[in-house]
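FYI, in my numbering the residues of the sequence shown are 30 to 137.
Even for Gly, the Cβ is constructed at its ideal location relative to N, Cα and C.
Since this is a predicted model, take the numbers as computed values, not measurements.
So the structure is just underneath, and the comments pick up after that.
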Amino acid sequence: VARAGLGDMAVANAVGSNVFDIWLGLGLPWSVFLPFRASGYEVVNTKQLVPSVCILLGVLLVYYISIAALGFRLTEKQAYLFITVYLGFVAYAVVGVWWMDMYDMKGK
(Lines of atoms letter the chains of each structure in order from A and count residues from 1; the text may use other names and numbers.)
(Lines give C-alpha, C1' and ligand atoms only; values in the text may rest on other atoms or scores of the structure.)
Protein backbone atom coordinates (compact mmCIF):
# COMPACT_ATOMS: atom_id res chain seq x y z
CA VAL A 1 0.00 0.00 0.00
CA ALA A 2 2.77 2.45 0.94
CA ARG A 3 4.73 1.69 -2.24
CA ALA A 4 1.64 2.51 -4.27
CA GLY A 5 1.77 6.05 -2.86
CA LEU A 6 -0.88 5.46 -0.22
CA GLY A 7 1.24 6.09 2.86
CA ASP A 8 -1.73 7.52 4.77
CA MET A 9 -3.64 4.30 4.29
CA ALA A 10 -0.62 2.23 5.33
CA VAL A 11 -0.27 4.11 8.64
CA ALA A 12 -4.01 3.94 9.30
CA ASN A 13 -3.89 0.21 8.62
CA ALA A 14 -0.97 -0.25 11.03
CA VAL A 15 -2.69 1.71 13.80
CA GLY A 16 -6.04 0.01 13.25
CA SER A 17 -4.57 -3.48 13.14
CA ASN A 18 -2.71 -2.88 16.41
CA VAL A 19 -5.92 -1.76 18.11
CA PHE A 20 -7.66 -4.90 16.86
CA ASP A 21 -4.72 -7.11 17.91
CA ILE A 22 -4.75 -5.69 21.43
CA TRP A 23 -8.50 -6.08 21.70
CA LEU A 24 -8.46 -9.64 20.42
CA GLY A 25 -5.07 -10.63 21.89
CA LEU A 26 -5.94 -9.47 25.41
CA GLY A 27 -9.72 -9.54 25.54
CA LEU A 28 -10.34 -13.01 24.18
CA PRO A 29 -7.84 -14.92 26.36
CA TRP A 30 -9.06 -13.16 29.51
CA SER A 31 -12.68 -13.85 28.55
CA VAL A 32 -11.86 -17.54 28.17
CA PHE A 33 -9.57 -17.78 31.24
CA LEU A 34 -11.51 -15.91 33.92
CA PRO A 35 -14.69 -18.05 34.02
CA PHE A 36 -12.53 -21.01 35.07
CA ARG A 37 -11.02 -19.15 38.04
CA ALA A 38 -12.65 -19.93 41.37
CA SER A 39 -12.80 -16.24 42.27
CA GLY A 40 -13.82 -15.12 38.78
CA TYR A 41 -11.13 -12.45 38.69
CA GLU A 42 -7.35 -12.07 38.58
CA VAL A 43 -5.36 -9.61 40.67
CA VAL A 44 -2.83 -7.79 38.48
CA ASN A 45 -0.06 -5.31 39.19
CA THR A 46 -1.18 -1.82 38.12
CA LYS A 47 1.96 0.14 39.02
CA GLN A 48 2.76 0.72 35.36
CA LEU A 49 -0.78 1.63 34.32
CA VAL A 50 -0.59 5.42 34.73
CA PRO A 51 2.80 5.79 33.00
CA SER A 52 1.63 3.54 30.16
CA VAL A 53 -1.55 5.58 29.66
CA CYS A 54 0.49 8.81 29.70
CA ILE A 55 2.91 7.40 27.11
CA LEU A 56 0.01 6.24 24.94
CA LEU A 57 -1.62 9.67 25.16
CA GLY A 58 1.67 11.40 24.36
CA VAL A 59 2.33 9.22 21.32
CA LEU A 60 -1.24 9.74 20.13
CA LEU A 61 -0.84 13.52 20.45
CA VAL A 62 2.49 13.50 18.58
CA TYR A 63 0.96 11.34 15.87
CA TYR A 64 -2.23 13.36 15.46
CA ILE A 65 -0.64 16.81 15.71
CA SER A 66 2.11 15.94 13.23
CA ILE A 67 -0.40 14.50 10.76
CA ALA A 68 -2.92 17.34 11.17
CA ALA A 69 -0.25 20.06 10.90
CA LEU A 70 0.55 18.94 7.37
CA GLY A 71 -3.01 18.53 6.14
CA PHE A 72 -3.17 14.81 6.90
CA ARG A 73 -0.33 13.99 4.54
CA LEU A 74 2.67 11.88 5.51
CA THR A 75 6.22 13.03 4.87
CA GLU A 76 9.63 11.48 5.26
CA LYS A 77 10.34 13.74 8.26
CA GLN A 78 7.25 12.40 9.98
CA ALA A 79 8.45 8.86 9.38
CA TYR A 80 11.70 9.69 11.17
CA LEU A 81 9.73 11.36 13.97
CA PHE A 82 7.56 8.26 14.42
CA ILE A 83 10.61 5.97 14.41
CA THR A 84 12.32 8.19 17.00
CA VAL A 85 9.26 8.17 19.27
CA TYR A 86 9.03 4.40 18.91
CA LEU A 87 12.71 3.91 19.74
CA GLY A 88 12.24 6.14 22.79
CA PHE A 89 9.40 3.90 23.96
CA VAL A 90 11.48 0.76 23.35
CA ALA A 91 14.33 2.25 25.40
CA TYR A 92 11.89 3.06 28.22
CA ALA A 93 10.35 -0.42 28.12
CA VAL A 94 13.60 -2.36 27.93
CA VAL A 95 15.89 -0.27 30.10
CA GLY A 96 13.47 1.32 32.55
CA VAL A 97 10.77 -1.26 33.03
CA TRP A 98 12.49 -4.54 32.29
CA TRP A 99 16.18 -4.04 33.10
CA MET A 100 16.02 -1.45 35.94
CA ASP A 101 12.60 -2.67 37.19
CA MET A 102 11.58 0.92 37.96
CA TYR A 103 8.14 -0.16 39.20
CA ASP A 104 9.50 -2.97 41.42
CA MET A 105 7.35 -5.51 39.63
CA LYS A 106 9.68 -8.42 40.39
CA GLY A 107 9.68 -7.67 44.11
CA LYS A 108 6.00 -8.50 44.53
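Going by beta carbons, F118 and I84 fall inside the 8 Å limit. In its chain, beyond the 5 residues on either side, Q107 and L110 have a beta carbon closer than 7 Å to the beta carbon of S95. Less than 8 Å divides the Cβ of V40 from the Cβ of L103. Short of 7 Å from the beta carbon of Y70, and not among the five residues preceding or following it, lie these beta carbons of its own chain, in chain order: L63. Annotation: T104 is outside any alpha helix (DSSP H) and is labelled neither H nor E by DSSP.
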